[in-house]
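Participant:
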Amino acid sequence: MTTWNLAVPEIPAERAERYRAAGLWSSSTITGLVREAAVRVPGKPAAVDQHRSLDYAGLWQRCLAVAGRLRGEGIAAGQTVVLYLPNSVSWLECFLGLVQCGALPVMATESLRARELIEIIEASRADHVVTVADDGRFPSLHRAVHDAIGLLPACGPSPVVHEVEVPGGLAVDAADAESGEALHQMLPSDPALVQLGGARCAACLLIGRTHEDYLCSVELSNRRCGVGPDTVMLIGIPASHNFAMASPGVLGALMAHGTVVFAPDPSPSTCVPLVHAHGCTHIPLVPSLLGLWSEEAGRDPEPLRSLRMVLVGGAPLDLDLAAAAQTRFGAHVQEVFGTAEGLVAYSPLEMDRVLEPRAHRLVPLSEQDEILLSRVVAPDGTEGQELLSRGPYTVPSFIDDPPQAAGVFDSVGWYHSGDLVEIERAAGPAGPLEFRVVGRCKAQINRAGEKIFPGYVETLLEEHPQIRHASVEGVAHPVLGQAIKATIHLVPDEEGGWLRPLALRRYLHEKSVAGHCVPDTFDLIRDEDQV
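Numbering that gives the first Met the number 0 numbers the first residue of the sequence shown as 0 and each following residue consecutively.
(1) By how many angstroms is the C-alpha of GLY168 removed from the C-alpha of VAL88?
(2) Label VAL514 either buried or exposed according to how many other C-beta atoms from any shown protein chain fall within 10 Å of its C-beta, with 16 as the threshold for buried.
(3) Would you tell me roughly how many angstroms separate the C-alpha atoms of THR520 and GLY383, rounded to the nearest one?
(4) Is PRO190 near GLY179, with beta carbons less than 9 Å apart?
(5) VAL7 to GLU494, Cα distance in whole Å?
(6) Compute the distance between the beta-carbons of VAL478 and PRO518, then report whether it is under 9 Å.
(7) For GLN403, which of helix, strand or coil comes out of DSSP?
(8) Kindly indicate the opening and closing residues of the alpha helix (DSSP H) around GLU294.
(9) So, at 6 Å on beta carbons, what are the nonlocal neighbours of ILE370 in its own chain, with the 5 sequence-adjacent residues on each side left out?
(10) Could you pull the start and end residues of the beta strand (DSSP E) that VAL375 belongs to?
(11) Residues in the same chain with beta-carbon distance under 7 Å from GLU295, minus the five sequence neighbours each way, listed in chain order, please.
(12) With a 10 Å radius around its C-beta and 16 neighbouring C-beta atoms as the bar for buried, classify GLY380 as buried or exposed.
(13) In terms of residues, what are the limits of the alpha helix (DSSP H) holding GLY57?
(14) The alpha helix (DSSP H) spanning ALA475 covers which residue range?
(15) I need the boundaries of the alpha helix (DSSP H) containing PHE242, first residue and last residue.
(16) What ranges does the beta strand (DSSP E) occupy inside the stretch 261-285, keeping only unbroken runs of at least 3 residues that lie completely in it?
(17) Would you call the stretch 409-426 in contact with the stretch 206-224, where contact means no fewer than 3 C-beta pairs closer than 8 Å?
(18) Out of ALA125, ILE74, LEU204, which has the shortest C-alpha to C-alpha gap to CYS100?
(19) Kindly list the residues whose CB is nearer than 7 Å to the CB of PRO247, restricted to its own chain and excluding five residues on each side of it in sequence; keep chain order.
(20) Tell me which same chain residues have a C-beta within less than 6 Å of the C-beta of ILE148, skipping the five on either side of it?
(21) Could you pull out every unbroken beta strand (DSSP E) segment of at least 3 residues lying fully inside the stretch 147-182, listed in chain order?
(22) Could you check what DSSP says for SER388 in three-state terms: helix, strand or coil?
(23) What does DSSP give as the partner residues of THR209 in its beta bridges?
(24) Between PRO11 and the rest of its own chain, which residues show a CB-CB distance below 6 Å, the 5 nearest in sequence each way excluded?
(25) Please state whether DSSP places LEU449 in a helix, a strand or coil.
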């Protein structure tokens with residue numbers, strides 16, 4: 000039996016048995032999906048990027064070889080490993096290889112920088128980090144890891160860094176594949192991976208997922224989103240993000256024996272040629288990108304004719320934008336609501352629904368999803384109903400349950416989402432439950448799908464000697480959804496000079512802060528009376 004360095008909270012046994020009896024939790028594992036596909040459809044394309052392509056037989060062999068190589072480099076079963084790689088076939092190989100060798104990968108998106116990586120390494124007690132090689136292709140990622148390692152406290156051992164060439168992949172040999180075959184025999188109930196909490200607070204929030212609860216969400220998402228063997232899933236948003244991995248994402252395509260196409264970024268200029276070349280059918284986007292893609296489709300829809308489904312999540316979807324995009328794509332625009340912690344819901348699949356006023360109505364994945372409403376007071380003083388949930392793919396708590404996250408999960412496993420909703424039944428009392436998100440009751444900025452806790456940015460700013468007080472808020476933005484505005488009370492330096500926005504941005508960059516956490520606008524107030 001594997002001893003895990005992190006204790007992943009378990010769903011209570013009574014509920015777990017109910018989910019198994021209902022057929023929601025299966026006997027599959029993440030690497031088992033690939034092994035099965037390698038037997039059934041060995042020659043079918045599994046994973047593609049701009050440089051490499053693997054069929055299912057090749058992907059399974061690479062999974063085994065990478066697992067054997069990583070074990071040979073000292074990664075043991077039960078250890079925690081931060082996976083910090085860009086979108087690529089190499090990312091998929093390393094993720095699968097880590098799972099196969101019994102390690103617990105922590106999914107770090109490539110937008111993070113040294114400051115966030117330090118928090119992740121410390122919170123996860125990571126033994127290893129898998130990242131890019133120092134070959135000049137991804138200098139910001141390589142620098143972020145080594146800056147983070149250098150800034151860790153000297154009181155304990157630093158994680159071992161394993162460098163991977165992207166796009167070439169980890170160098171392996173035949174012996175590695177043989178040793179990988181004999182490695183960890185995992186159970187569906189074993190921990191599979193760790194996601195980062197979307198409801199960011201002053202602490203790094205870790206979400207432990209087992210094979211059975213995570214694949215439950217993936218399988219149900221496949222049914223809702225029309226994913227099948229002919230699906231070609233384009234992944235341009237960060238692959239390590241829960242949306243890109245499992246809603247239905249990378250794992251959905253692999254489960255259905257479809258194909259995953261990795262793009263280095265989600266811009267139309269990068270992705271449209273890939274859609275055209277590979278006949279991509281599904282793509283996940285955030286609302287801020289949907290407008291750019293819609294404009295591209297309006298100019299020349301022909302390269303996008305293969306698209307059947309554009310999944311839009313991470314932030315509220317504007318109905319007018321959705322309707323215009325759907326007309327231009329000739330594909331369904333499906334709204335996705337979900338968090339790494341739990342509840343996932345989609346707008347109905349019928350093509351015309353997005354054009355109706357009810358299009359913001361979202362339907363949870365499973366009848367076993369339990370929903371409660373809790374009356375709360377929103378930050379603007381208005382009353383509303385907060386969405387609470389638990390179910391077959393909602394975790395019961397964060398790993399280590401940090402005190403800074405008190406109240407996100409209660410003592411009986413309800414997840415308090417922070418989302419204000421309205422609920423109705425689609426076809427009367429007997430119809431499926433639908434809900435609509437109408438606001439937030441917790442301090443959080445949603446910038447182009449990235450969730451930012453204002454207090455985190457405020458603390459960073461107030462570490463500057465010329466900042467007496469900082470207040471950070473989200474303000475409406477036509478493209479980003481919300482932009483970050485910082486109101487800052489300044490004092491001058493010793494020579495009477497005052498900070499300007501460019502200097503503040505440079506200051507945050509030097510502190511190795513993720514770019515999406517840097518304020519878009521600054522309201523600088525000179526506190527002359529404090530001089």
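By construction, the Cβ of each residue, glycine as well, lies at the ideal position given by its N, Cα and C atoms.
Facilitator: Taking the geometry as given:
(1) In the sequence shown, residue 88 corresponds to position 89, counting from 1. In the sequence shown, residue 168 corresponds to position 169, counting from 1. The straight-line gap from Cα to Cα measures roughly 8 Å.
(2) Here residue 514 is taken as the residue at index 515 of the sequence shown, counted from 1. The question names Val, but residue 514 is Gly in the sequence shown. Result: exposed.
(3) As a first step, residue 520 is located in the sequence shown; it is residue number 521 there, counting from the start. As a first step, residue 383 is located in the sequence shown; it is residue number 384 there, counting from the start. Distance between the alpha carbons of THR520 and GLY383: 30 Å.
(4) Against the sequence shown, residue 190 aligns to sequence position 191. Against the sequence shown, residue 179 aligns to sequence position 180. No Cβ-Cβ contact shorter than 9 Å links PRO190 with GLY179.
(5) Mapped onto the sequence shown, residue 7 falls at position 8. Mapped onto the sequence shown, residue 494 falls at position 495. Using only the alpha carbons, I get a separation of about 53 Å.
(6) Here residue 478 is taken as the residue at index 479 of the sequence shown, counted from 1. Here residue 518 is taken as the residue at index 519 of the sequence shown, counted from 1. PRO518 is positioned such that its CB atom lies no closer than 9 Å to that of VAL478.
(7) Residue numbering aside, residue 403 sits at position 404 when the sequence shown is read from its first letter. Helix at GLN403.
(8) Within the sequence shown, numbered from 1, the residue matching residue 294 stands at position 295. That run of the alpha helix (DSSP H) goes 286-298.
(9) What you label residue 370 is simply residue 371 of the sequence shown in a count that begins at 1. Once the five neighbours on either side are set aside, the close Cβ partners of ILE370 are SER388.
(10) Taking the sequence shown and counting its residues from 1, the one referred to as residue 375 is at position 376. In the DSSP annotation of this structure, the continuous segment of the beta strand (DSSP E) that includes VAL375 starts and ends at 369-376.
(11) Here residue 295 refers to the residue found at position 296 of the sequence shown. So the qualifying residues of the chain are PRO267, VAL271.
(12) The residue you call residue 380 lines up with position 381 of the sequence shown. Exposed.
(13) On the sequence shown, residue 57 is found 58 positions in, with the first residue counted as 1. GLY57 -> alpha helix (DSSP H) spans 55-71.
(14) What you label residue 475 is simply residue 476 of the sequence shown in a count that begins at 1. Here ALA475 belongs to no alpha helix (DSSP H); instead the beta strand (DSSP E) covers 466-476.
(15) Locating residue 242 in the sequence shown gives position 243, counting from the first residue. PHE242 -> alpha helix (DSSP H) spans 241-245.
(16) For the stretch 261-285, whole beta strand (DSSP E) runs of length 3 or above, ordered along the chain, are 281-284.
(17) As far as the Cβ criterion goes, the stretch 409-426 does not touch the stretch 206-224, which means the pair count is below three.
(18) Mapped onto the sequence shown, residue 100 falls at position 101. CYS100 has its Cα closest to that of ILE74, out of ALA125, ILE74, LEU204.
(19) Position 248 of the sequence shown, counting from 1, holds the residue named residue 247. Taking C-beta separations shorter than 7 Å and ignoring five residues to either side along the sequence, the partners of PRO247 in its chain run VAL217, SER220, ASN221, CYS224, VAL226, following chain order.
(20) Position 149 of the sequence shown holds residue 148. Closer than 6 Å at Cβ, skipping near neighbours: SER157.
(21) Counting whole runs of 3 or more residues, the stretch 147-182 contains the beta strand (DSSP E) stretches 159-163.
(22) Counting from 1 along the sequence shown, the entry for residue 388 is found at position 389. Here SER388 sits in strand by DSSP.
(23) As a working note, residue 209 is residue 210 in the sequence shown. Under DSSP, THR209 takes part in a beta bridge, and its partners are PRO190.
(24) Along the sequence shown, one-based indexing puts residue 11 at 12. Here the set comprises nothing.
(25) For the purposes of this step, residue 449 is identified with residue 450 of the sequence shown, where counting begins at 1. It should be noted that the sequence gives Glu, not Leu, for residue 449. Strand at GLU449.
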